[in-house]
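So in the working numbering the end of the sequence shown lands on 314, straight run, no missing numbers.
Think of the CB as a built atom: it goes at the ideal place given N, C-alpha and C, for glycine as much as any other residue.
First up is the structure itself, then whatever we jot down about it.
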Amino acid sequence: MPYLELPSDMAEKLDNPLVRDKKVVPLAGFSALPAAAFLTAVGVPTWLFVLLPTAVVSQAVKYLIPSLFVKKEAPKEDPVPEAPALTAADTSSRQLDLVLFGATGFTGQLACSYLAKTYGRTVKWAIAGRRRDALEKIRASLGPQFSDLPIIIADSSDFASVRAMARNTRVVITTAGPFELYGTRVVSACAEHGTHYCDITGEVDWVRLMVEKYDGLARKSGARIVHFCGHDCVPWDITVLALAKELASRGDSLVEANCYTDTRGSFSGGTLATMLRALDRPAGSAAAAKTTPKAAGGG
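This is the structure in structure tokens:
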């Protein structure tokens, strides 16, 4: 069969998803000129005469008078238990099927609403967090049928409360980030007590560290530790999986997939805190270590 060359305009449409799907990038073309002019007129002088001098002076003072700056010490790490306290098969002491930790946050409230609408009271679930008054407001917003929904007071700074929460349920869902600050003890408690776990983190370095520390313990207890269950990952994972299955049903295979998104919205408080935490993290911190963990089947 002779090689068929597509017209250039058709080839461009097939190769460029923006053209093919009739998408328009905001501030593209001539529409970007006013914004570019504004950023140049304001941004460049601000950087040159404010931000740059401030950074230079700050670094100079820090170098010349180090005593003015308090050195941040890494928080003490909790020891990893050698053996689990419970296993996933131990269900007699678990009064709940599911606990939502971080229920008062932006994503936590969305998850509460989803659980209430989707499962109602068909599963034994509870909401957990640091402040009882905020949790009671969340519970009241769900409707009168949830007036007796259990509330658990748990704080990641209080390891005993986190362990008690994990010990009392089969599954913990946590939306409380930044997870480098508020998630490690939840992972540890779940791995120790055979409690299944999932979160919405996108903090790759922290997840890498969790696998390094708790994979062995999770394998022993039978806990399933599942990270990356948020917007950073789930839409793309499901889309690519569906695409691979569709191609396989046609006798073909997926070689490569490029995903694009068009979103409108703003950062939640947890996402913004995570970004600021990443910028503030010391270069030599454990979460920033370049390690390659083993594949985690159990944790």
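Residues bridged to residue i [DSSP beta-bridge criterion]
{"i": "D214", "result": "T189"}
{"i": "T184", "result": "L111"}
{"i": "I5", "result": "Examination of residue 5 is not possible in this model, given that the chain is present from 16 through 314 alone."}
{"i": "F116", "result": "A143, T189"}
Terminal residues of the alpha helix (DSSP H) in which residue i lies
{"i": "G231", "result": "219-236"}
{"i": "G266", "result": "Segment: none, G266 is in no alpha helix (DSSP H) and carries neither H nor E."}
{"i": "A51", "result": "47-61"}
{"i": "Y129", "result": "121-134"}
{"i": "L83", "result": "No alpha helix (DSSP H) contains L83, which DSSP labels as neither H nor E."}
{"i": "L66", "result": "Unbroken run through L66: none, as it is neither H nor E."}
{"i": "E195", "result": "194-197"}
Segment limits, beta strand (DSSP E) that includes residue i
{"i": "G144", "result": "140-144"}
Same chain, Cβ closer than 7 Å to residue i, five either side skipped, listed in chain order
{"i": "S176", "result": "I168, A169, D170"}
{"i": "P96", "result": "E207, L232"}
{"i": "G135", "result": "none"}
{"i": "S264", "result": "none"}
Close Cβ partners of residue i (< 6 Å) along its chain, the five nearest in sequence each way excluded
{"i": "G217", "result": "D247"}
{"i": "V245", "result": "Just to set this straight, residue 245 is Gly in the shown sequence, not Val. Cβ within range, chain order: I215."}
{"i": "H320", "result": "The chain is shown only over 16 to 314; residue 320 falls outside these bounds and no answer can be derived."}
{"i": "G313", "result": "A caution first: G313 carries a pLDDT of 41, below 50, which makes its placement in the model unreliable, though a value can still be read off. Correct list, in chain order: A233, R234."}
Within-7 Å CB hit, residue i to chain C
{"i": "S176", "result": "In the structure shown, chain C does not exist; there is a single protein chain."}
Close-in-space but distant-in-sequence residues of the same chain around residue i (CB under 8 Å, 5 per side omitted)
{"i": "L258", "result": "L269, A272"}
Handout entry: Sequence ranges, beta strand (DSSP E) only - wholly within the stretch 155-182, length at least 3
Key = 166-168
Practice task
Spell out a yes or no on whether the stretch 131-148 and the stretch 106-117 are touching, meaning 3 or more CB-CB pairs, one atom from each, closer than 8 Å.
Solution key: Segments in contact, yes.
Practice task
Would you check if the stretch 233-244 and the stretch 200-219 touch, i.e. whether three or more CB-CB distances between them fall below 8 Å?
Solution key: yes
Practice task
Inspect the CB distances between the stretch 190-198 and the stretch 169-180 and report whether three or more fall short of 8 Å.
Solution key: yes
Practice task
Please confirm if the stretch 209-221 is in contact with the stretch 92-108, defined as three or more CB-CB distances below 8 Å between the two stretches.
Solution key: These segments touch.
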